[in-house]
Each structure stands twice: as structure tokens, then as C-alpha cells.
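Participant: Sequence lines, in order, name chains C and F.
Residues in the first sequence are numbered from 1 upward in steps of one, following the numbering used here.
Residues in the second sequence are numbered from 314 upward in steps of one, following the numbering used here.
Cβ coordinates follow ideal geometry from the N, Cα and C atoms, glycine included.
Sharing a structure with you now.
Protein chains: 2
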Amino acid sequence: MTELPVPEDVLKAAHRIRGCIEQTSIFTCKSLNDLSGAELFFKCENLQKTGSFKFRGASNALQILAEQGLPRAVATHSSGNHGAALAKAAADRGVEAQIVMPNNAPKVKQEAVQAYDGIITHCEPTLDARESTLKKILKKLEAEEIPPYNDSRIISGQGTAALELCNEIPDLDFVVTPVGGGGLLSGTALALQTEWPQIRLVGAEPLNADDAKRSLDAGRLIPATRTDTIADGLRTSLGSLTFPLIQKYVETILTVSEEPIISATRLIWQRMKMVVEPSGAVPLAVVLNHSDIFEGKRIGVIASGGNYDPGIR
Amino acid sequence: MTELPVPEDVLKAAHRIRGCIEQTSIFTCKSLNDLSGAELFFKCENLQKTGSFKFRGASNALQILAEQGLPRAVATHSSGNHGAALAKAAADRGVEAQIVMPNNAPKVKQEAVQAYDGIITHCEPTLDARESTLKKILKKLEAEEIPPYNDSRIISGQGTAALELCNEIPDLDFVVTPVGGGGLLSGTALALQTEWPQIRLVGAEPLNADDAKRSLDAGRLIPATRTDTIADGLRTSLGSLTFPLIQKYVETILTVSEEPIISATRLIWQRMKMVVEPSGAVPLAVVLNHSDIFEGKRIGVIASGGNYDPGIR
Chain C
1 MTELPVPEDV LKAAHRIRGC IEQTSIFTCK SLNDLSGAEL FFKCENLQKT GSFKFRGASN
61 ALQILAEQGL PRAVATHSSG NHGAALAKAA ADRGVEAQIV MPNNAPKVKQ EAVQAYDGII
121 THCEPTLDAR ESTLKKILKK LEAEEIPPYN DSRIISGQGT AALELCNEIP DLDFVVTPVG
181 GGGLLSGTAL ALQTEWPQIR LVGAEPLNAD DAKRSLDAGR LIPATRTDTI ADGLRTSLGS
241 LTFPLIQKYV ETILTVSEEP IISATRLIWQ RMKMVVEPSG AVPLAVVLNH SDIFEGKRIG
301 VIASGGNYDP GIR
Chain F
314 MTELPVPEDV LKAAHRIRGC IEQTSIFTCK SLNDLSGAEL FFKCENLQKT GSFKFRGASN
374 ALQILAEQGL PRAVATHSSG NHGAALAKAA ADRGVEAQIV MPNNAPKVKQ EAVQAYDGII
434 THCEPTLDAR ESTLKKILKK LEAEEIPPYN DSRIISGQGT AALELCNEIP DLDFVVTPVG
494 GGGLLSGTAL ALQTEWPQIR LVGAEPLNAD DAKRSLDAGR LIPATRTDTI ADGLRTSLGS
554 LTFPLIQKYV ETILTVSEEP IISATRLIWQ RMKMVVEPSG AVPLAVVLNH SDIFEGKRIG
614 VIASGGNYDP GIR
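The following block contains the structure:
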């Protein structure tokens, strides 16, 4: 769906997917509050079904399709969490899910797609190969494409995490979300517009995949040229729908280098005893790296996912 | 304290430490229920203050001391969680904590002791060196010794985790706890005797440090001869207080080899998005390895701690 979503769409999505998704916990951690000098509220989407917020958008898209008459199959290309989320949202409704995955996608994410009966087609790890492989599948199977972020159904669904966060903790100064393709960030922007426009919204982006920052600075879409970040969920670039929403509503994008991302990931593991993937720790990394902005503030942090396979010795 | 504790002591401990400890959450996980064919209730002591159940026993000991008049210092030897727990319980009351640690203790556990202002004295990694180093410190500082498990105050404190578990989920068929020195297992045994003597209690022990199993079989204390297990919290041997309590109340000790322990640890990380240390995953490993005993049952699993530093790539 290619029209620009509006705040009302997030409220509708929340109503639509209430029965399918997990209303995830919001955790605090005294030791991380002490370390940051701020008060942090972690919206734990690592505890969402399929291990990431992506299940919200996928559920919203499938539920809209269900109202219109379900297709035989849905399809997407995804290196990770959107693939697993779509596979489960489809399987829950008896719909086949075809997932095109680059052949270098993390093993844990391939296994997740398979665990939900998604059918994987491997391709070379380039955007061209992903799109042409997907196009063939869409044509052959008459499948409905469900894109990972540049889709109004997906954006509206992702925004429901922030709705829950702000309904539970309404007096936040900031919300900080990771930004990759911008589905979560733009959905969160719409969610805040419904009732909390005074909350300042910040996108947290790896310096090594900083297309959102550069696009906002330039006032036009500039796709990522390098994407060598450990935050594998954030290697994608903004799209034609997510970019204008982010331009309109987001206060700023703050970037952070690899070392603080790794350190923030480990801090959450060690201090909160909670497995987040590096992408989900980028907001904490940004908060810890910008104490000038965040000190003394009440900050909602969207811990976007937990699909990571830590090493054991 | 060297007299044998009784069930009533666990109730007293629970009352005494109520204000100091975390009443930890009990989590379930559909995917691990499916995998085990049982219904598992994880008592999450990895979320306890200092990251393990050890804070319960240490708090009970310090609170008893506080009622009698606090010493200037407390001391123990510990390779891990008891050291950090004692350091915090002491620091919370303005008492100095002296911790003798073998020089091969995991770095994350040494840092934890220091984070709570515990004073570390390193020694060679042998029981002789640990005991003689501790003896010197006790004499020099007139410190009160708080042993890691063979102490009635400690045993009673550790039992309070099971009290909370069974008060919240009273109709369990089994409780499974890890067994190292036996403080948690014997304390849990006393806790079950207060109101739930029908619940079957199983100790879960690494095959590579199976002194509890061999001691029960032989009817006398047989210290561990090998302790090469990844479950570093379970390398200790039963003591003169924990052994008779375990003999009297525990149905059986089940052992499990290293591979299933590693696999169970990763399963909890991946499926529950929760960091447990390998020792805390030994009960799940035992449940998964003995489906003949546990299938179809309701099982309380004490996830004893979360002080592990997983690798990131």
C-alpha cells in the first residue's frame, strides 16, 4: 500500500492486531539509569512474538488482507526479522509465505523463518538479486508482496509499540528508536502524533549505515553506500514513504559508531539479563553517547528485537 | 551457624529479607513447553539482585547479624556469585566484605564483587589455598565468616526462592534446582516441607561434578574429584549440613553431560531472550534429557543465576 499513512492508521492497527500480538513488557534497570544519568523505559520488543517488533507490521498487513479475502501466498525479501514475522503472521492464517533471503543472512534468522514454515529462496546478497528473485516468485505464485517497511500497513503496525509504551508511561521527554528502513521510526512518529506530540522523537542510527542522517541533512533520499555494521537489522535505507514521515515528525537522527553499539548490547545482556540483538541496543548506545541531550530526562527506548545468537565458551 | 536448619527457618528468613530482596518473576515459554512436552515455570533468580539466588542467603545472614550487632567485616571464599552477593548485602549495611577468590575466577564475577565494593584477595585455585587465605583474613580483621552454603542462615535464605515459586504456582508436580554445594537444593527441600511436601524435588547436577549423586548413592559424603564443567557455579561439593538435608528430603539427583548443558543454556537465551549462566540452565538440561520422568508434568525450574558474559561477533 503506497499512500502515506496518518496517525489514525496506527490506532486502527492497534485495534486490528490486539488479539494476535504480545503486549510486551516495559522494563527499567537501576544500574543503566545510574550509568546514563537518565530514566530509561525499555519497551521490550525482543519479547514480541518472533523476537521483534516486525510481527506487529506483518500482523497488521495480514489482518487487512484477511478482511479483504486472503491470498494463497505472501512474499517478501528480507535478511532477517521481517521474514520470520511475515512467515508466522501468514502461517497463523493458513497462508503460504515465500521469503527471499540473501545467502549471507544470519543462520539464526534463516532458522526462524523455517520454524514458522516460511519457504526460503536464497539469492546473492545484492538489492538487485533480491528484487529480481522476488519478482519471479510474485509472478509465478500470484503472491501478494508485503514489503519490509515501505508500506503503509507495515508502518502503521510498527507504530503500535509506541502507543503501548506511551499509554503505560505517558510523561516521557523522549522516545528513541533504531532506524534502518524507517518503518519503526515513522510508525512511532505517527503514534506520538495521536496523543503525545510533545514527546521528542529521536532516530538512533549506526554511523556505518547513516543514510537516514544524511538524507535528512540533504533534504532528499540518499541510499546507504556502506552498511558494514553489526546492527544487521539497520543496514537498509529509507524508502519513499518512511522518508517524508521522518522529515516531518522526527526531531533528529543521532548516529553512533560500532564500539558503543557493541558495548550497549553487552550492557543490556549483563545488567538486564536480557538478550537483545545489536540493532535493538543502538538506542541505548545513542543515549549513553549523548549525555548532553539526555541527562536527567525520562526516555522511552524501543528495544526492537532479540534475534541474536551469543557465543558460549 | 552449624546446627541443622528446619522448615520454619525458611519462613523466618522470608519474613526477615522481604524488604531487601527482589521477589523475582516466574516466566513461562511456549516454545520450551512444546520442546519438553511439559509445563515449565522458570523462577528467574537471574533477575535477583547481584544476578543470582545467592543474595537471598547472604541477606539472611547479614540481617541476622544486624539483629545481634553487626561486625566490622564479613569474609568468605568464593569463585563467584556468593562473593558478589555477600559484598552487596554487607555494603547495604555499611559492613566491609572481604572476598577470597581463586585467581582463575571468571572476570565478570570478579568485577561484580568490586562493583559492590567487596575487597578481593586472590589466591591459588585450590581449596587449601582458599581456606588458608581466608583463615588469615578472619584472624587479622576479626571478621565474621559467612560460608557460601554450609551454614544454616545461608540454607534458609536460599529456600525463600522456592517459597515464592510455590506460593504463586502451588500445584506443581516437580521442583528442579541445580546442585553444587547444595545450599539451594537443601533450602528448597525445607521450603517444600512447609506446605507442599507432595511436590517431588529433584537436584540437577553436571555429570562432570557429580559428587551429590555419588554421595547419595554411597550414603556418605564423597567430595568431587573432577569439576571440569562449564557450570562454574556447581563445581563445589556438598557439605556437612546440606548433605543430610538432601538425603532426607530429595527424591533423586539427575546428572547431565556438558553438551546438553550448553544446549539448554542457548535455548533459554534464544527462546526466552533471557541471559542465564550455564549453572542456571542445568535444570532445563535435566528435564529435556529425562522426558520419561517429566513429560506431561508441571515443573518449577529454578533458573539460579545470570552472571555470564556471552560472546559477541
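#1: On the CB-based measure, 16 or more other CB atoms within 10 Å of its CB, does residue 362/F come out buried or exposed?
#2: Can you check the region 115–181 of chain C for any alpha helix (DSSP H) of at least 4 residues that lies completely inside it and give the ranges in chain order?
#3: Would residue 275/C count as contacting chain F if we go by Cβ distances under 8 Å?
#4: Rounded to whole angstroms, how far is the Cβ of residue 375/F from the Cβ of residue 402/F, which I believe are closer than 8 Å?
#5: Kindly identify the DSSP beta-bridge partner or partners of residue 412/F.
#6: Which chain F residues are close to residue 310/C, counting only those with a beta carbon under 7 Å from its beta carbon?
#7: What does residue 359/F touch in chain C if you count any residue whose Cβ is under 8 Å from its own?
#8: The alpha helix (DSSP H) spanning residue 566/F covers which residue range?
#9: Distance cutoff 8 Å, beta carbons only. Does residue 364/F sit that close to anything in chain C?
#10: Mind reading off the beta-carbon distance from residue 542/F to residue 519/F? Whole number of angstroms is fine, and I expect it under 8 Å.
#11: Alpha carbon to alpha carbon, how far is residue 477/F from residue 328/F? Give it in angstroms, no decimals.
#12: Going by DSSP in three states, residue 370/F sits in which element: helix, strand or coil?
#13: Mind pulling the chain F residues with CB within less than 7 Å of residue 266/C?
#14: Going along the chain, which residues of its own chain have a beta-carbon closer than 7 Å to the beta-carbon of residue 632/F, five neighbours each way excluded?
#15: Given a cut-off of 8 Å, decide if residue 469/F and residue 503/F are closer than it, judged by their beta-carbon atoms.
#16: Is residue 109/C helix, strand or coil by DSSP?
#17: Residue 622/F and residue 426/F: beta carbons closer than 8 Å?
#18: What residues of chain C sit near residue 575/F, judged by a beta carbon separation below 9 Å?
#19: In angstroms, rounded to a whole number, what distance separates the CA positions of residue 404/F and residue 274/C?
#20: Taking contact to mean at least 3 C-beta pairs separated by less than 8 Å, is the region 142–150 of chain C in contact with the region 63–77 of chain C?
#21: Using 10 angstroms around the beta-carbon of residue 5/C, count the other beta-carbons present and answer buried if the total reaches 16, otherwise exposed.
#22: Taking contact to mean 3 or more Cβ pairs, one atom from each stretch, closer than 8 Å, check whether the region 274–292 of chain C and the region 241–260 of chain C are in contact.
#23: Return helix, strand or coil for residue 304/C, following the three-state DSSP convention.
#24: So with CB distances below 7 Å, who are the chain C contacts of residue 619/F?
#25: Identify every run of the beta strand (DSSP E) within the region 487–557 of chain F, keeping only runs that are complete inside it and at least 3 residues long; order them along the chain.
#26: With 16 other CB atoms within 10 Å as the buried threshold, where does residue 111/C fall?
#27: Span of the beta strand (DSSP E) holding residue 297/C?
#28: Return the chain-ordered list of same chain residues with a C-beta closer than 8 Å to the C-beta of residue 249/C, the five sequence neighbours on each side being excluded.
#29: Sort 585/F, 378/F, 624/F, 416/F by Cα distance to residue 407/F and report the nearest one.
#30: Excluding the 5 residues preceding and the 5 following residue 153/C in the sequence, name in chain order all residues of the same chain whose CB lies nearer than 6 Å to its CB.
#31: Could you round the C-beta distance between residue 150/C and residue 305/C to whole angstroms and report it? I think they count as a contact, below 8 Å.
#32: What are the residues that DSSP puts in a beta bridge with residue 52/C?
#33: Kindly indicate the opening and closing residues of the alpha helix (DSSP H) around residue 321/F.
#34: My understanding is that residue 300/C touches residue 43/C, with C-beta atoms under 8 Å, so please give their C-beta distance in whole angstroms.
#35: Between residue 266/C and residue 625/F, how many whole angstroms is the CB-CB distance? I'm expecting something under 8 Å.
Facilitator: Result, derived from the coordinates:
#1: Counting the other Cβ atoms within 10 Å of the Cβ of residue 362/F gives 16 or more, which makes it buried.
#2: Fully enclosed alpha helix (DSSP H) runs of no fewer than 4 residues occupy 127–141, 152–158, 160–168 of the region 115–181 of chain C, in order along the chain.
#3: Taking Cβ atoms only, chain F reaches closer than 8 Å to residue 275/C, which makes this a yes.
#4: The Cβ separation is near 4 Å, so the contact holds.
#5: 389/F, 433/F, per the DSSP bridge assignment.
#6: The contacting residues are 582, 623, 624, 625.
#7: Residues of chain C whose Cβ lies closer than 8 Å to the Cβ of residue 359/F are, in chain order, 273.
#8: That residue, residue 566/F, is in no alpha helix (DSSP H); its beta strand (DSSP E) goes 565–569.
#9: A Cβ of chain C is located within less than 8 Å of the beta carbon of residue 364/F.
#10: Yes, they are in contact, since the Cβ atoms of residue 542/F and residue 519/F sit about 4 Å apart, within 8 Å.
#11: Going by C-alpha positions, residue 328/F is about 12 Å away from residue 477/F.
#12: Correct three-state label for residue 370/F: helix.
#13: The answer, in chain order, is 625.
#14: As displayed, chain F neither begins before 314 nor continues past 626, which places residue 632/F out of reach and without an answer.
#15: Yes. Within cutoff.
#16: Looking at residue 109/C - three-state DSSP - the assignment turns out to be helix.
#17: With respect to residue 426/F, residue 622/F sits apart: the two C-beta atoms are not nearer than 8 Å.
#18: Residue 575/F reaches chain C at 312, counting residues in chain order whose Cβ is nearer than 9 Å.
#19: If you draw a straight line from the Cα of residue 404/F to the Cα of residue 274/C, it comes to about 26 Å.
#20: With a cut-off of 8 Å, the region 63–77 of chain C and the region 142–150 of chain C count as touching, because enough Cβ pairs lie within range.
#21: Per the 10 Å Cβ criterion, buried.
#22: Taking 8 Å as the limit for Cβ pairs, the verdict is that the region 241–260 of chain C does touch the region 274–292 of chain C.
#23: In the structure shown, residue 304/C sits in coil (DSSP, three-state: anything other than H, G, I, E or B).
#24: Those within 7 Å of residue 619/F in chain C are 273.
#25: Counting whole runs of 3 or more residues, the region 487–557 of chain F contains the beta strand (DSSP E) stretches 487–491, 513–519.
#26: Residue 111/C is exposed by the Cβ-count criterion.
#27: No beta strand (DSSP E) holds residue 297/C; DSSP gives it neither H nor E.
#28: Excluding the 5 residues flanking it on each side, residue 249/C has same chain C-beta neighbours closer than 8 Å at 186, 189, 190, 192, 193, 201, in chain order.
#29: That would be 378/F, whose Cα lies nearest to the Cα of residue 407/F.
#30: Excluding its 5 nearest sequence neighbours in each direction, residue 153/C has C-beta neighbours in its own chain below 6 Å: 1, 60, 61, 64, listed in chain order.
#31: Contact check for residue 150/C and residue 305/C: beta-carbon distance about 19 Å, past the 8 Å limit, so the pair fails to qualify.
#32: For residue 52/C, which the question treats as bridged, DSSP gives the partners 305/C.
#33: DSSP places residue 321/F inside the alpha helix (DSSP H), whose first and last residues are 320–330.
#34: With a Cβ gap of about 6 Å, residue 300/C and residue 43/C count as contacting.
#35: Contact flag correct, Cβ pair sits at about 6 Å.
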